[in-house]
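**Q** Protein chains in written order, with the working numbering: chain A, 6 to 291; chain B, 7 to 272; chain C, 2 to 244.
Where is the CB? At the ideal position from N, CA and C, for every residue including glycine.
This is the structure I want to talk about, given as structure tokens.
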Amino acid sequence: MRRLTSLIPWFTALCGTALYLYALPLATVKKSQQEQLFTIPANFLRVVSGQFKELSADVSFLNALTWLGEVKTQPDTHRYRPEQYEWLHNTLKNSVALDPYFLDPYYLMNSALIWDRYKLAEVNGLIAKGADTRSWDSMLAFFAGFNYYYFLDDNDKSFSYLKEASKRSGGNPFYDSLAARVAYKANKIELAIMYLEQQIHELELQGLQNQAASLQRRLDLLKGIHQIELAVESYRKLFGKLPADIHELVKLGALVSIPKEPNGGSFYIDSSGRVKSTRLFSRICG
Amino acid sequence: MLQAIIKVTFLEGLRNKAVYGISLMAGLMMIFTVVLSGMIMRDVGKVATDFALSTATFAALLVVLFVGIIILARDLERKTIYLALSRSVPRSNYLVARFLGLGLLQGFVMLLLLVASLITLVLVKNMYARYFGAVSLGLVAVAHLFVFVQMLLLTALSILFSMVASSPFVTFILTILTWLIGSSTQEVKLLIESAGSDKFFPVVKILVTLAYYLFPNFALFDLKATAAHGLTLHAGKAGFALLYGLGYSVAVLSLALVLFKRKELT
Amino acid sequence: MIIFEDVCKTFQLERGKKVSAVQCLSLVVASGEVFGCIGPNGAGKSTTIKLLLDLIRPDSGTITINSLPSRDNASRARVGYLPENPCQYDFLTAHEYLAYSGNLSGLSSSIIAERSSLLLEKLKLSQAANRRISGYSKGMQQRTAIAAALIHNPDLVVLDEPMSGLDPLGRKLIFDLIAELKEQGKTVFISSHVLTDIERLCDRVGIIVQGRLCHEGQVSDLTMPLEELFLQVVADTGLDEVK
Ligand SMILES: Nc1ncnc2c1ncn2[C@@H]1O[C@H](COP(=O)(O)OP(=O)(O)OP(=O)(O)O)[C@@H](O)[C@H]1O
Ligand SMILES: [Mg+2]
């Protein structure tokens, strides 16, 4: 019996080790914005988590998710700090390295990294790889396809992933129409508007109103830019030159009113005739 | 005679407080799994399956470590073993019966865990039907079977260690180390092979290869990803893993028998 | 019949030290005989018994039970053993424990039921028989162990300090039980420190000191009380401290 009771420390040690191992990814979460963020190398995690790789993947993902729920973007740029992006990227990459079939981290990469244009080629490469691994899943193929066209100007890859998405979804016409637009090199903004409308619809179905609202801001921005650009185009056709500013378009009746910039900045037309926002974030996004 | 020893072993396990503690922990983890599922965006079924299967693996491991090892150690330490061995019970029969008794106990616990896992997953499936994903409940059951075979092998190993170790602690440490190393050797080997020849010293490679063949490959019995994503389980691979587990157990047990026959029970 | 022939046993201690627990022991116990084995603490009595039951193995020499070598499992088919400081599976009740003990010898359940109620009755344990052994007192545990050793009605009974932990009533019970075994013609091998019991129960005694059999003889031939003889034999070996 005495030997038995002296096993208790071992038991505690074991539980402690187990907790430590599986909470390792958690060690990277900190509440304040000021702290050091670090992630453990994926290979090391794969080795130490042994038969609990999938669990470790889940914990990594939840870690990133809760972090996103707590941390605010910087007020002037609506972006995170570079090291924060890096941490988010590494954490999600770890999750995917631990379980390459896990959908959620790809999903989060797409919404939190791609749209903020963080390491586009690398992150979309991961998403495309995920689409290959999850050979039955149309969503990742759709994401990869859209990103290749919209962010990376790779029309061939974009087309093949969108076609794949259509095939996997059993011929969803939405994917087909996107693929067709990619094929005749349609206006990127139109494609993005289609994409965002579909995503917002999905998020609202899931009851994720917060995330839907943040996409809605992006959608409003793109819609505003698109509206003004159409007006600029018709102005140019009429007068053979660019308008001096947006107000000229309103005066002439090409625009009913100036669309509201959702992030609190304002739109302007640059010297090459492209419509932009005065807010940095909006500029990056547009 | 064999039956009597098997029965006593099984009863000892069931009347052990540790089993209740472990079951309680597993039950709480399963409830936690249901709660946690609400946090997941898309792959809800997959995460729930991971948690359920990881809980089952961990609980089964604790049964080997804190029930199996203790039962054997206590038998030797308190000399309760004398009653059987002072009769005409051959030592080999005694050890095999002990192993079978522990196997029966482990099987019983696995069955409870399987029921708990299935209840958890069906509950999650009903709550988040749209996001249950490709989880295969049949494969979840097969995964439990594989955990069971794996734990049989670990039990055989712990019996072997208790024949050479000077105390239950040593047995405990040897068993858990073997499990931890055996769960990772395949991963390390793949890592080193894929890293290119110049990245690691040749010594490291030799050591890793040695460890890979020396320790049982427990990763073979890990079907979590297969069950959680409904991947195809190749019959050949599955059959190999089962044969490997059972064959390895028999080999380890035979070695333990040789040692046990020579052991002085002072 | 039990025969020890030149049996030696040395234990290896830490750092290469050795203890000779049994040295060149030669001893014959005839069938139907009650043999008492006495000696100071650490003399090697328990070691001798464990050697007999093949729980430990001699360095040299042979041991046979009814002309079967002790290494043969069959030699112990009709042996009942009470270890010193017995420990039972205390998660069982006395009933369950006796059933386990009976099953080990291949008894049928009806015989087990019959024998165990008889023994529990004799050892005054019937009241507690359905309680778990973990709740028993030391003496109750000792009685349960004796019952377990006798459940299969063995021909050779090996008792290592059967009186330890028992109250005077319990001692009387065990005393009567051993006397009954003697009457039934069983072979009994007892190690004990209660010399008066040995004197009254045994046909023959052996005195072991420091692993050697220093004296052996019929009780009926004793010219002085056993205790006096014991002290004299021990004094002759020059032993003044347990080893
Ligand atoms: N497992 C062991 N390892 C080392 N030495 C041992 C072991 N068991 C017994 N011995 C030694 O063997 C000797 C004989 O021990 P044994 O238990 O046979 O004595 P005993 O006659 O039964 O004494 P007691 O009357 O106290 O029960 C003692 O010196 C003891 O130290
Ligand atoms: Mg003794």
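Assign C:Tyr101 to one of three DSSP states: helix, strand, or coil.
**A** Helix, per DSSP.
**Q** Can you tell me where the beta strand (DSSP E) holding C:Tyr82 begins and where it ends?
**A** Val80 to Leu83 is the extent of the beta strand (DSSP E) around C:Tyr82.
**Q** Roughly how many whole angstroms lie between the Cα atoms of A:Asp109 and B:Phe57?
**A** If you take the alpha carbons of A:Asp109 and B:Phe57, they lie about 16 angstroms apart.
**Q** Hey, A:Ile292 and A:Phe164: beta-carbon distance below 8 angstroms or not?
**A** Given a span of 6 to 291 for chain A in the structure shown, any question on residue 292 of chain A remains unanswerable.
**Q** Return helix, strand or coil for A:Ala217, following the three-state DSSP convention.
**A** Of the three classes helix, strand and coil, the one that applies to A:Ala217 here is helix, per DSSP.
**Q** Given that A:Arg51 touches chain B, what residues does it touch there, using C-beta distances under 7 angstroms?
**A** Within chain B, the residues near A:Arg51 are Glu193.
**Q** Leaving aside the five residues before and after C:Val159 along the sequence, list all residues of the same chain whose C-beta is less than 6 angstroms from its C-beta, in chain order.
**A** Cβ within range, chain order: Ile50, Tyr82 and Phe190.
**Q** Do you know whose CA, among B:Val209, B:Val53 and B:Val70, lies nearest B:Val146's CA?
**A** Selected option, being the one with the closest Cα: B:Val53.
**Q** Run through chain A and tell me which residues come within less than 9 angstroms of B:Ile234, C-beta to C-beta.
**A** The question names Ile, yet the displayed sequence has Ala at residue 234 of chain B. Within chain A, the residues near B:Ala234 are Glu59, Asp104, Tyr106 and Phe107.
**Q** Distance, Cα to Cα, B:Phe136 vs B:Gly44?
**A** Looking at the sequence provided, one finds Arg at residue 136 of chain B rather than Phe. Straight-line Cα distance between these residues: approximately 13 angstroms.
**Q** Please decide whether C:Met2 counts as near chain B, where near means a Cβ-Cβ distance under 8 angstroms.
**A** No, C:Met2 does not count as interfacial toward chain B.
**Q** Helix, strand or coil, according to DSSP, for B:Phe274 in the structure here?
**A** Residue 274 of chain B falls outside the range modelled here, since chain B spans only 7 to 272, and no answer is possible.
**Q** Whose CA, out of C:Leu108, C:Asp156, C:Ala114 and C:Leu196, lies closest to the CA of C:Glu181?
**A** Among C:Leu108, C:Asp156, C:Ala114 and C:Leu196, the Cα nearest to that of C:Glu181 is on C:Asp156.
**Q** Quick check on C:Arg72: buried or exposed, where buried means 16 or more other Cβ atoms within 10 Å of its Cβ?
**A** Classification of C:Arg72: exposed, given that the 10 Å Cβ count is below 16.
**Q** So, do the segment 180-193 of chain B and the segment 56-71 of chain B have three or more beta carbon pairs nearer to each other than 8 angstroms?
**A** Verdict: yes, contact present.
**Q** Please name the residue, chosen from B:Lys13, B:Gly139 and B:Leu180, that lies closest to B:Leu237 on a Cα-to-Cα basis.
**A** It is B:Gly139.
**Q** Rounded to whole angstroms, what is the Cα-Cα separation between B:Met36 and B:Val121?
**A** Approximately 11 angstroms between the Cα atoms of the pair.
**Q** What do you reckon, is the C-beta of C:Asp161 under 7 angstroms from a heavy atom of ligand 2?
**A** It does: the Cβ of C:Asp161 is within 7 angstroms (strictly closer) of some heavy atom of ligand 2.
**Q** Which residue's Cα is closest to the Cα of B:Leu259: B:Gly109, B:Tyr218 and B:Val209?
**A** Minimum Cα distance to B:Leu259 is reached at B:Gly109.
**Q** Considering only residues of the same chain and omitting the five flanking positions on each side of B:Val130, which have a CB-CB separation below 8 angstroms?
**A** Result list for B:Val130: Thr39, Val40, Ser43, Val50, Gly51, Ala54 and Phe138, in chain order.
**Q** Does the beta carbon of B:Phe178 fall short of 7 angstroms from some heavy atom of ligand 1?
**A** Not so, every heavy atom of ligand 1 lies at least 7 angstroms from the Cβ.
**Q** Tell me which same chain residues have a C-beta within less than 7 angstroms of the C-beta of B:Pro222, skipping the five on either side of it?
**A** Once the five neighbours on either side are set aside, the close Cβ partners of B:Pro222 are Leu159, Gly188 and Tyr254.
**Q** Go ahead and label C:Ile152 buried or exposed: buried means 16 or more other beta carbons lie within 10 angstroms of its beta carbon, across all protein chains shown.
**A** So C:Ile152 counts as buried.
**Q** What residues in its chain sit with their C-beta under 8 angstroms from that of C:Arg133, if we drop five residues either side in the sequence?
**A** These residues qualify, in order along the chain: Asp91, Phe92, Leu93 and Thr94.
**Q** Just how far apart, CA to CA, sit C:Gln143 and C:Pro226?
**A** Computed Cα separation, rounded: 28 angstroms.
**Q** Quick one: is the Cβ of C:Glu85 within less than 7 angstroms of any heavy atom of ligand 3?
**A** Absence of ligand 3 from the depicted structure is noted, with ligand 1 and ligand 2 being the only ligands included.
**Q** For chain C, check one thing: does any of its Cβ atoms lie closer than 8 angstroms to the Cβ of B:Met7?
**A** So, interface residue.
**Q** So which residues of chain B does C:Leu56 contact, with C-beta pairs closer than 8 angstroms?
**A** Within 8 angstroms Cβ-Cβ: Tyr88, Leu91, Ser92, Glu270, Leu271 and Thr272.
**Q** Grab me the residues of A:Phe286's own chain with a C-beta within less than 7 angstroms of its C-beta, minus the 5 sequence neighbours each way, in chain order.
**A** Any reading at A:Phe286 must be qualified, since the residue scores a pLDDT of 46, below 50, and its modelled position is unreliable; no value is offered.
**Q** Does DSSP classify B:Ile125 as helix, strand or coil?
**A** In the structure shown, B:Ile125 sits in a helix (DSSP, three-state: H, G or I).
**Q** For B:Ala10, which residues in chain C fall below 7 angstroms Cβ to Cβ?
**A** Ordered by position in chain C, the residues that pass the 7 angstroms Cβ test against B:Ala10 are Tyr101, Asn104 and Leu105.
**Q** What's the C-alpha gap between B:Met116 and B:Thr161?
**A** C-alpha separation (whole angstroms): 14 angstroms.
**Q** Output, in chain order, the set of chain C residues within a Cβ distance shorter than 8 angstroms of B:Glu18.
**A** Per Cβ cutoff of 8 angstroms: Tyr90 and Phe92.
**Q** How far does the beta strand (DSSP E) with C:Gly62 in it extend, from its first residue to its last?
**A** Element bounds for C:Gly62: Ser61 to Ile66.
**Q** What do you reckon, are the CB atoms on A:Phe148 and A:Leu183 nearer than 8 angstroms?
**A** Their beta carbons are not under 8 angstroms apart, which means A:Phe148 does not touch A:Leu183 by this criterion.
**Q** Which residues does DSSP list as the beta-bridge partners of A:Tyr293?
**A** This structure gives no information on residue 293 of chain A, because the portion of chain A shown stretches from 6 to 291.
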